[in-house]
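Q:
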Amino acid sequence: MRAKIRQEYAAALDHEARAVGLRLELIRAQALSVVQSLQWRAGQAYGEMEELLGARFLAEMSSIDQLAEVARHHIELAAKIQQELVLGGTDFFLNGDVCVVPSPVPPPRPPSLELRAGSSLTIVQLEAFYTQFCKIAPTGVLSSQKLAEILQQHISLNLGSDALPDSWMHLSEAQILELVSAGTQGSEIVDWRHFLLGAALPWPIPSQLQLLQVLAQFKSADPGEMGFITEEQYLQMDLWFPRTMNLPVPDDPSEPLPYDRLSNLRKFFFTLFSDGECPTPRLDYMSMLLYFASHPDSIQGFVRALSIVTGQSLQHRPRSPLLLKSVPYIEESASAETEGEPETSRADEEEGVSIPALLKVIHHGRTRTASYSRLHPNWKSREEYEEDFRKIYRDLGFKVDEKVPFGILCQHPMLQDLMDSTLQYQLTDIHGVLQTQLNEGKLTVS
Numbered sequence: 001m002r003a004k005i006r007q008e009y010a011a012a013l014d015h016e017a018r019a020v021g022l023r024l025e026l027i028r029a030q031a032l033s034v035v036q037s038l039q040w041r042a043g044q045a046y047g048e049m050e051e052l053l054g055a056r057f058l059a060e061m062s063s064i065d066q067l068a069e070v071a072r073h074h075i076e077l078a079a080k081i082q083q084e085l086v087l088g089g090t091d092f093f094l095n096g097d098v099c100v101v102p103s104p105v106p107p108p109r110p111p112s113l114e115l116r117a118g119s120s121l122t123i124v125q126l127e128a129f130y131t132q133f134c135k136i137a138p139t140g141v142l143s144s145q146k147l148a149e150i151l152q153q154h155i156s157l158n159l160g161s162d163a164l165p166d167s168w169m170h171l172s173e174a175q176i177l178e179l180v181s182a183g184t185q186g187s188e189i190v191d192w193r194h195f196l197l198g199a200a201l202p203w204p205i206p207s208q209l210q211l212l213q214v215l216a217q218f219k220s221a222d223p224g225e226m227g228f229i230t231e232e233q234y235l236q237m238d239l240w241f242p243r244t245m246n247l248p249v250p251d252d253p254s255e256p257l258p259y260d261r262l263s264n265l266r267k268f269f270f271t272l273f274s275d276g277e278c279p280t281p282r283l284d285y286m287s288m289l290l291y292f293a294s295h296p297d298s299i300q301g302f303v304r305a306l307s308i309v310t311g312q313s314l315q316h317r318p319r320s321p322l323l324l325k326s327v328p329y330i331e332e333s334a335s336a337e338t339e340g341e342p343e344t345s346r347a348d349e350e351e352g353v354s355i356p357a358l359l360k361v362i363h364h365g366r367t368r369t370a371s372y373s374r375l376h377p378n379w380k381s382r383e384e385y386e387e388d389f390r391k392i393y394r395d396l397g398f399k400v401d402e403k404v405p406f407g408i409l410c411q412h413p414m415l416q417d418l419m420d421s422t423l424q425y426q427l428t429d430i431h432g433v434l435q436t437q438l439n440e441g442k443l444t445v446s
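Using the UniProt record's numbering, the letters of the sequence shown correspond one by one to residues 1 to 446.
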C-alpha cells in the first residue's frame, strides 16, 4: 500500500514538474514576444522621429537660407532693411507691421513767398522802407523832398530789384514828385508811418464800430491803463480781421504753403507803430488806432479819430465817400455800409466831447519841432488851438471844462473849417494815383 502511495506521489510530482516547466516555457515565450514587440515599436518610433527631425532640420536650414538671401540682397543693394525679420522655428517672414528703421522724415515745405501783385508793396519791401526811415528820420517825420529823393534813388540807381514793385520802377522824377505830393496832401513834412500805411494797401479798412471794439480789447489787456501792450498780447488779439486765414494746403509736400499776407501784415503793423527803443517793444495802441482812423474822406477820418479818443460812437453825415476803387480790399462793402449808417443817437444821449480830446486828435502824429509851423501854414500851436476851442465852446453856450455833444459841436463853422482843413486823417489812394500816372504815360507814348 505504501509502495503504491509512493508511486502515485512520484507520478503526481513528475506531472506537476512537467506542468510547471510548460508554464515557464509559456511565460518565457510570452516575454520574448513582448520584448520583440517593444523592440520593433521602439525601432519604428525612432525611425519616424529621425524622419521628423530631419525634415524640421531641412525646413529650418531653408528658412536660414532665405534669411541669408534677404540679407545678401540688401547688402548688395546697400539698402536698409525696413521691416522686422522674424525667424521662428521653421518659419521665416518679414513683419510689415514693425519697422526697424525710422521712416524718413519728409522734407520740410519751402518757405512761403509773397508774390508781387500790381503796385502793392510786399511785406519785405515795407519792412525795408521801415528800417530805412527809422535810420533817416527816427522822429517819425521827414521832408517830402527827402521822401521823393529816396524813391528816385531806388528807381534810378536800381538798388536791388526787390526794392519797389515793377510798376513803380517806370516812374519819372515828375511823377514821383506828384505821387509824393498826393500821398502827403501837398505838405512839406511827411509822417512816414502814415505814408507806409497807405503804401501797405490793400488791407481791410475798419469801421468806426470795429475800431472801438479793438480799443476795448486793448484796454482789457491793459488793466493798469498804461496805454501800452506787448507784442505777445497784440498777437493774441483779433483785430477787425482774423489773425490767420483759412488758406488751402497743397497736396504736394514740395509746394510751399500759400502766403498769408494779412497775418504778416498784422505783424508788420506792430513793428510800424511800436516803440522799438524800449528793451521790450511795446505798442501805444491809442496812437496806432488813430492812424487806422484814416479814411478816404478826411472829415470821416477826423470823426473816427475823435470817436477813438472819446471812446464813443460819433455820427456825422458824410459827404460822398471817395472809395479806393483801384485797390480792392477785404470787406470793403461792409466797411462802407457801416460808415454810412444813418444817425440814430440824439445829441442829448451822447457823452460829449471835451477840449483835451479835440487837442489830442488835432496834434496826433505831429512833431514838436519849431520848423513844423513854418512848413505847415495852417498849423497852429497847442495854445492857439486850445484858445480856438474855448471860443467854440463859449459860442455854443458851454463852459470850457464841459463836454459838448458832437451833434452840436460839429455844427460850429470854425470846427467845420478845421475838419475840412485837417488832412492828417485822410487815407490817400496812392495806388490809384500811380495807376493814373501809368495810364497817362501809356497814352503819351502812344
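Here a beta-carbon is modelled for each residue, glycine too, at the ideal position from N, C-alpha and C.
Go through its chain and collect everything with a Cβ distance to residue 301's Cβ below 6 Å, but skip five positions before and after it.
A: Along the sequence shown, read from residue 1 onward, the residue named residue 301 stands at position 301. 293, 294, 295, 425, 426, listed in sequence order.
Q: Can you confirm whether the segment 141-158 touches the segment 190-197 when touching is taken to mean that 3 or more C-beta pairs between the two stretches lie within less than 8 Å?
A: These segments touch.
Q: Kindly identify the DSSP beta-bridge partner or partners of residue 82.
A: Along the sequence shown, one-based indexing puts residue 82 at 82. Paired residues: none, contrary to the question.
Q: Which same chain residues end up closer than 8 Å to residue 86 when comparing Cβ atoms and leaving out the 5 residues on each side of it in sequence?
A: Translated into the one-based positions of the sequence shown, residue 86 becomes position 86. Within the same chain, residue 86 has close Cβ partners 92, 93, 94, 95.
Q: Classify residue 183 as helix, strand or coil using the three-state DSSP reduction.
A: Counted from its first residue, the sequence shown places residue 183 at position 183. Reduced to three states, the DSSP call for residue 183 is helix.
Q: Evaluate contact between the segment 107-114 and the segment 255-262, counting only Cβ atoms and requiring at least three cross-stretch pairs below 8 Å.
A: Cβ pair count under 8 Å is three or more, so yes.
Q: In this structure, does DSSP put residue 52 in helix, strand or coil?
A: Against the sequence shown, residue 52 aligns to sequence position 52. Correct three-state label for residue 52: helix.
Q: Does residue 162 come out as helix, strand or coil in the three-state DSSP assignment?
A: As a working mapping, residue 162 is identified with position 162 in the sequence shown. In this structure, residue 162 counts as coil in the three-state DSSP scheme.
Q: Helix, strand or coil for residue 96, going by three-state DSSP, please let me know.
A: Residue mapping note: residue 96 aligns to position 96 of the sequence shown, counting from 1. Looking at residue 96 - three-state DSSP - the assignment turns out to be strand.
Q: Going by alpha carbons, who is nearest to residue 166 out of 119, 132, 211?
A: As a working note, residue 166 is residue 166 in the sequence shown. Closest option to residue 166, Cα to Cα, is 119.
Q: Taking Cβ to Cβ, would you say residue 380 is nearer than 7 Å to residue 309?
A: What you label residue 380 is simply residue 380 of the sequence shown in a count that begins at 1. What you label residue 309 is simply residue 309 of the sequence shown in a count that begins at 1. Against a cut-off of 7 Å, the Cβ pair of residue 309 and residue 380 comes out as no contact.
Q: If the criterion is Cβ atoms closer than 7 Å, does the pair residue 299 and residue 419 meet it?
A: Here residue 299 is taken as the residue at index 299 of the sequence shown, counted from 1. Here residue 419 is taken as the residue at index 419 of the sequence shown, counted from 1. Closer than 7 Å, so yes.
Q: Could you give the first and the last residue of the continuous alpha helix (DSSP H) run that contains residue 420?
A: Here residue 420 refers to the residue found at position 420 when the sequence shown is read from its first residue. From DSSP, the alpha helix (DSSP H) with residue 420 extends over 413-421.
Q: When the distance is taken between beta carbons, is residue 147 closer than 7 Å to residue 180?
A: Mapped onto the sequence shown, residue 180 falls at position 180. Mapped onto the sequence shown, residue 147 falls at position 147. Going by C-beta atoms, residue 180 is nearer than 7 Å to residue 147.
Q: State the Cα-Cα distance for the pair residue 287 and residue 364, rounded to the nearest angstrom.
A: One-based indexing of the sequence shown puts residue 287 at position 287. One-based indexing of the sequence shown puts residue 364 at position 364. Each residue's Cα considered, the two are about 7 Å apart.
Q: So, for residue 314: in the same chain, excluding its five sequence neighbours on each side, which residues have a beta-carbon less than 7 Å away from its beta-carbon?
A: Here residue 314 is taken as the residue at index 314 of the sequence shown, counted from 1. These residues qualify, in order along the chain: 303, 306, 307, 406.
Q: Note down, in chain order, each residue of its chain lying with its Cβ closer than 8 Å to the Cβ of residue 7, except the 5 sequence neighbours on either side.
A: Counted from its first residue, the sequence shown places residue 7 at position 7. If we look at residue 7 and ignore the five residues flanking it on each side, it has no Cβ neighbours.
Q: Do you know offhand how far residue 131's Cα is from residue 271's?
A: Against the sequence shown, residue 131 aligns to sequence position 131. Against the sequence shown, residue 271 aligns to sequence position 271. Rounded to the nearest angstrom, the two C-alpha atoms are 10 Å apart.
Q: Name, in chain order, the residues that DSSP records as bridge partners for residue 230.
A: Numbered from its first residue, the sequence shown carries residue 230 at position 230. DSSP output for residue 230 lists 282 as bridge partner(s).
Q: So residue 416 packs on residue 175, CB below 8 Å; how close in whole Å?
A: Position 416 of the sequence shown, counted from the first residue, corresponds to residue 416. Position 175 of the sequence shown, counted from the first residue, corresponds to residue 175. Going by Cβ atoms, the distance from residue 416 to residue 175 rounds to 34 Å, so no, they are not a contact pair.
Q: Would you mind stating whether residue 228 and residue 162 have Cβ atoms separated by less than 7 Å?
A: On the sequence shown, residue 228 is found 228 positions in, with the first residue counted as 1. On the sequence shown, residue 162 is found 162 positions in, with the first residue counted as 1. The answer is no: Cβ separation not under 7 Å.
Q: Name the one or two DSSP bridge partners that residue 189 has.
A: Numbered from 1 along the sequence shown, position 189 holds the residue referred to as residue 189. Looking at the DSSP assignment, residue 189 forms a beta bridge with 143.
Q: Once DSSP output is grouped into helix, strand and coil, what is the label at residue 15?
A: Here residue 15 corresponds to residue number 15 of the sequence shown, with the count starting at 1. Residue 15: helix per DSSP, three-state reduction.
Q: Rounded to the nearest angstrom, what separates residue 242 and residue 80 at their Cα positions?
A: Position 242 of the sequence shown holds residue 242. Position 80 of the sequence shown holds residue 80. Spanning the two alpha carbons is a distance of roughly 47 Å.
Q: Within this structure, are the beta carbons of residue 214 and residue 197 separated by less than 7 Å?
A: Residue 214 sits at position 214 when you count from the first residue of the sequence shown. Residue 197 sits at position 197 when you count from the first residue of the sequence shown. Against a cut-off of 7 Å, the Cβ pair of residue 197 and residue 214 comes out as no contact.
Q: What would DSSP say about residue 274, mapped onto helix, strand or coil?
A: Along the sequence shown, read from residue 1 onward, the residue named residue 274 stands at position 274. Of the three classes helix, strand and coil, the one that applies to residue 274 here is strand, per DSSP.
Q: Just to confirm the assignment, what range does the alpha helix (DSSP H) spanning residue 403 have?
A: Here residue 403 is taken as the residue at index 403 of the sequence shown, counted from 1. Residue 403 -> no alpha helix (DSSP H), and no H or E assigned at all.
Q: Among 383, 253, 428, 351, which one has its Cα closest to the Cα of residue 107?
A: Residue numbering aside, residue 107 sits at position 107 when the sequence shown is read from its first letter. Among 383, 253, 428, 351, the Cα nearest to that of residue 107 belongs to 253.
Q: Excluding the 5 residues flanking residue 74 on each side, which residues of the same chain have their C-beta closer than 6 Å to its C-beta?
A: The residue labelled residue 74 in the question sits at position 74 within the sequence shown. Hits under 6 Å: 81.
Q: Exposed or buried, which one is residue 429 when buried takes at least 16 other CB atoms within 10 Å?
A: Here residue 429 corresponds to residue number 429 of the sequence shown, with the count starting at 1. So residue 429 ends up on the buried side.
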